[in-house]
């Protein structure tokens, strides 16, 4: 989240039910070593040297669209700055381009960053309430006007940039760095990013670092001498296990009919054209 590639200005420092809602209703988440159709890399070797990394602007745009297809049933990820709803997953309000949650701390960090950059903004008055509800699904001190004010703030390029930067700091940059350390290509870096978006990187058993640790029981990343395709299959197996531990995430199609398809095709560099399905919806880039 330090090198935005979205075209939004850099400052100094929908309202129909979404896929998130439908999933919640149908359902009711760096270990020891630091945590793709390639032109020259083989699926049995390593693609890291041959692929553009996920933080390449064009690849990053693809990553944003892939995540948005799963989180919002749309490739238009920039339309999600204004998104906000409680999807009933125990995390309070879920909002913005990456699903910042009032119950998990990342929404609090985002609104604090926005207040630091633009004191007196429309969301600043909710900081005390966001501190109180952190760790719960409570709306205390947020209702009834917080969703309306969030959508108002989303029209402000300063708030948009704050969302971009927090996404990168908390989710995107750590995933890409771990992928580079493991010497996986663009697809592997995206698999890490999508996992950290959904599961976070805390100490619980289904966090990103523990998904990776689980994969290490059966395979090694290229940096440790393993074959990339074997490693990514092990990582995706561990990811699916983690998803199935929580009812709201038990539909694993964002892995099974998206990332696993790219891997099976040998597309370790996440090159376009890409075609995939998430929760039964079909998407295409290129």
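Residue numbers (the working numbering): 302 to 587.
For glycine and all other residues, C-beta sits at the position ideal for the given N, C-alpha and C.
- Query: Short check: CB of residue 519 to CB of residue 535, under 8 Å?
  - Reply: yes
- Query: What are the partner residues of residue 578, as DSSP defines its beta bridges?
  - Reply: 583
- Item | Rounded separation between residue 443 and residue 415 - CA only | 17 Å
- Is the region 473 to 493 touching the region 346 to 364, taking contact as three or more C-beta pairs under 8 Å? yes
- Query: Over what stretch of residues does the alpha helix (DSSP H) that includes residue 472 continue unbroken?
  - Reply: Careful: residue 472 lies outside any alpha helix (DSSP H) and carries neither H nor E.
- Is it a yes or a no for the region 451 to 464 touching the region 377 to 389, going by three-plus beta-carbon pairs under 8 Å? yes
- Message: By DSSP's criteria, residue 395 is part of a beta bridge. Which residues make up the other side?
- Response: 386 and 402
- Option in 528, 532 and 504 with minimal Cα separation from residue 517: 532
- Query: Mapping DSSP to helix, strand and coil, what is residue 449?
  - Reply: helix
- Item | Where residue 400 falls, given that 16 or more other Cβ within 10 Å makes a residue buried | buried
- Message: Our contact map puts residue 491 next to residue 359 with C-beta atoms below 8 Å; I'd like the distance itself, whole angstroms only.
- Response: At roughly 13 Å, the Cβ-Cβ gap does not stay under 8 Å, so residue 491 and residue 359 are not in contact.
- Query: Taking the continuous alpha helix (DSSP H) assigned at residue 487, which residues delimit it?
  - Reply: 487 to 500
- Query: Counting pairs of Cβ atoms below 8 Å between the region 493 to 501 and the region 537 to 553, do you hit three or more?
  - Reply: yes
- Message: I'd like to know whether the C-beta atoms of residue 438 and residue 391 end up nearer to each other than 8 Å.
- Response: yes
- Among 495, 368 and 504, which one has its Cα closest to the Cα of residue 537? 495
- Go through the region 499 to 550 residue by residue and report every complete run of the beta strand (DSSP E) that reaches 3 residues or more, in order. none
- Query: Roughly how many angstroms lie between the CA atoms of residue 425 and residue 413, to the nearest whole one?
  - Reply: 7 Å
- Task: Spatial neighbours of residue 507 within its chain, please: CB distance less than 6 Å, with the 5 preceding and 5 following residues excluded, ordered by chain position.
- Result: 330, 500, 543 and 546
- Measure the CB-CB distance between residue 577 and residue 562 and report whether it falls below 8 Å. yes
- Message: Give me the residue from 558, 573, 574 and 430 with the minimum Cα distance to residue 445.
- Response: 430
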